[in-house]
Every structure is written in structure tokens, then in C-alpha cells.
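Here's the structure, in C-alpha cells; my notes come after.
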Amino acid sequence: YYRVHLERSGTVAELSASTHAGFHRYTYPAADSASLLLDLVNGIYGYDGKILWSSLRVENDTLITGYRHVSGWARDRYIFFAASFSRPISSYRHRKDDQTPYRGFYRRFKEFDNFPEMAGKSVRAEFTFAPSEAPLEVVFAISGVSTAGALANLRAEAKPFDAAKAEAQARWLVELQKIEGTFLSAEDKTTFYTALYHSLIAPHVFQDVDGQYRGLDGNVHRAEGFTNLTVFSLWDTYRALHPWFNFFQPEHNRNAVLSMLAHGEQSVHQALPVWSHWANENWCMIGYHGVSVLADAAAKGMTGVDWDQALKLAVSSSGWRGYDGLGAYMDMGYVPEDVVGSSVSKTLEYAYDDWCVAELARRQTPYHNFYTGTDHPNIRLNKAYLKR
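Residue numbers (our numbering): 207 to 594.
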């Protein structure tokens, strides 16, 4: 739950959330001053050209739908939405700042005021609502699949703001109460539970209420027997977060493992995630640390996973020669500095990841099939070597 008083307008804004929807409540200083700006342009990490296309439809006087297709971090990301309002829309207007040429025929008529279909690369829409003393409540559901998916999410989770707030707080309390401790100060307690809260922000659910989600291959899939998750910042999380999940959130980590395996099956490289989110691989950071997450989960006895499938994808991840100096590493036992940068770090991380593949394999296949080249006495991991 978040609450802020907007000094310039005198409006009080409150926010809460469920799995697939955001809940807004706006208390305006006057009964006839209720309006909202829906900005489909600005956001975190914004820049010119990021918006590939956006669309907005006014379905009726209390419901809008639309989507935004963006590039950049996640170079091909669709965000579909459906939003409902507790008060009827009395009027609306929009503007487009982009000058995208249209080469086909388009009849000219006024489309910026009370026109229920808006589209372009730079769409902003303002909605004015019927006068009322009651606050304006908005439920804003999202989907990675379609507006139909966003509508289904909206219908499944829509509720009054106070009920949504209470449910969200109750769900978080269940998770935070799993760890009890004695602290030297109230400050230490706040720091600990804030960190615990932060540890559960990602990976997060990336599927609609019917289990459908957009996969790495761009197609729509249905999660069977698991909840599909996204945001795998694995270079940041394989060391501590996923091992922590194995103790604190084992079912959440099982969903993470199964989501990673689904990603690997959809990958044209048959590779586990490196740094992926919202059906895109960003190829950020080094190593292929999905294998570490799998090996740690296997070592700690995770059930409900096809470990033969996991080993297959771990091996294919470790053997993809085109990935970031990995071919040279496979040939020479180290990454040469004149082939690719950060050679020492990559050699170290590939060696560790290879060990993880070997540990995973040791549980299912003869161990002698797997070996590492960094045991050679002439190779020192703290010194850069050249290919020539």
C-alpha cells in the first residue's frame, strides 16, 4: 500500500496491488475536478523510439483496453491492459506527438475528442469523470498475452480498493511471518523485513489467470503444473537469492526452475536464461548461471522437476560455442583476452558453471563423461591469456 498527497492539485493518491492488477484510489479536492491522464509514452528507462506502437480503446463509460509495444530492455515486449473505473467517464480526449506517416487511405475527420479509438507511437489520453463526492477507484489489470487476457485478469481480481488493500497486506504478512527473529533495535528489524520484502519482488508471475503466457519464441503457451515466472537476473541472483529460496520459498523456487526449463525449450539455442524477462532474453552479464540454480535445487532435493530435461538443457547451455567466448573456452580451457573482453572473469564463471553441470550430471549419468579444462597446471584464472 502506498499513499501520497499531491500538493499542486490537492489530490490524494493511493495504490495497492494483486497478482495481475493494480488498484488506484484518487480523492480529489472538489467533486467536479476528477480527471486522469493515461500516458502511454513516459516510463522508467524511456528514450526516443522506444515505443513501437500503442493502442487505446474506450469500450464503454467505465472500461478501457489497450496495449503498448516497446523495445529496449526486452526488445520486443507487449503490455496489454484493461482498466475499469468506479465512476462513469463524462468526456475524454487524446493527443499524439509522433508524426508517423500513414501510406494508405485514411478518411480525415476529427478524432481527438471523444473518439473511442486511439493509436500511435506517442499517445496520451485525458479522462474526465462525472461529478461525485466519492473517490475515484481504478482497477488496472495487465497481461503479456492479449487484451482478452487482461480483461479476464481484471474480472477475476477486481474488487473495492479497501478489500484489495487488506488482501495484499494479509498476503505479505503470511510471507514475512515465515521468518521470526530477535533484533537489537527497531531499526534493525525494519532493515531485515524490508530486505525480506525486497527478496520476493522478483522473479514474479508472468501468466494470466488461465495459465497462458507469451513465451520466448513469441508464441502463447500455457503453464501446466507450475506458475510461469519472469525476471531472471541470474548473474545477480544465482549466488544467494535462489539458494535462499530453496530454504525459505521452495515452491516459489520450483516455479522458477520450471519456468527456466520452459524458457530453455523455447530457446532457438536450447539455452537456459541468462538475463531474461517478459518473453525476451537480454544477454546481460556473463556466465550461464541458470545451471547453478538447477544444480543447487537438485542438491537440496527439489521434487516435481524432470531432471533429465534439466540436464539436457544444462549441457546444451554449456556447449553453445557462439556464446561470449565459450567456443574458445571449450577449445583452450580458458577465454583468450584477444578474442573477447573480461576474459579472466568469464573463464572463472564458465569453470564454476561447468562444475555445476558436472554435479547435476553426477546424479544421473557416469561422472567420467564430464570434465573441466581449467585444471591444467599452465592455466591460472587470475591472469589474462591471449589466443596467439
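Glycine included, C-beta positions come from ideal geometry on N, C-alpha and C.
Work out the CA separation of residue j and residue i for me, nearest whole Å.
i	j	result
PHE398	ALA364	32 Å
SER522	ALA516	10 Å
LEU435	HIS483	9 Å
ARG330	GLN375	32 Å
ARG460	HIS226	20 Å
TYR558	LEU402	28 Å
TYR208	GLU339	22 Å
LEU269	ASP530	47 Å
ASN425	TYR419	8 Å
SER290	PRO322	15 Å
VAL218	ASP368	15 Å
TYR273	LYS518	37 Å
Give me the Cβ distance between residue i and residue j, rounded to the nearest whole Å; I'm assuming they're in contact under 8 Å.
i	j	result
LEU422	SER473	6 Å
ALA347	PHE412	About 14 Å separates the two Cβ atoms, so there is no contact after all.
Assign residue i to one of three DSSP states: helix, strand, or coil.
i	result
LEU406	coil
CYS248	With the sequence shown as reference, residue 248 is identified as Asn, and Cys is not the correct amino acid for it. DSSP places ASN248 in coil when its eight states are reduced to three.
TYR399	helix
LYS371	helix
ARG214	coil
THR578	Low local confidence applies: a pLDDT of 48 at THR578 is under 50, so the model's placement there is unreliable, and no value is given.
LEU360	helix
LEU390	coil
Select from the options the residue whose C-alpha is nearest the C-alpha of residue i.
i	options	result
TYR284	VAL521, LEU435 and LEU258	LEU258
SER277	TYR253, ARG263 and SER261	TYR253
ASP512	ASP544, SER292 and GLN570	GLN570
PRO337	GLY310, ALA356 and ARG293	ARG293
TYR298	LEU243, GLY272 and ASP304	LEU243
LEU360	ASP416, PRO235, VAL497 and TYR232	ASP416
GLY510	GLU430, ASN320 and PRO235	GLU430
GLN476	ALA564, LEU406 and VAL497	VAL497
LEU357	ASP414, PHE318 and ASP303	ASP414
LYS605	MET536, ARG309, ALA446 and LYS327	Only positions 207 to 594 of the chain appear in the structure, and residue 605 is not among them; the question remains open.
What does DSSP give as the partner residue(s) for residue i in the beta ladder?
i	result
ASN486	HIS483
PHE291	VAL344
ASN266	LEU269
LYS302	VAL329
VAL426	ARG420
TRP513	Per DSSP, none; premise fails for TRP513.
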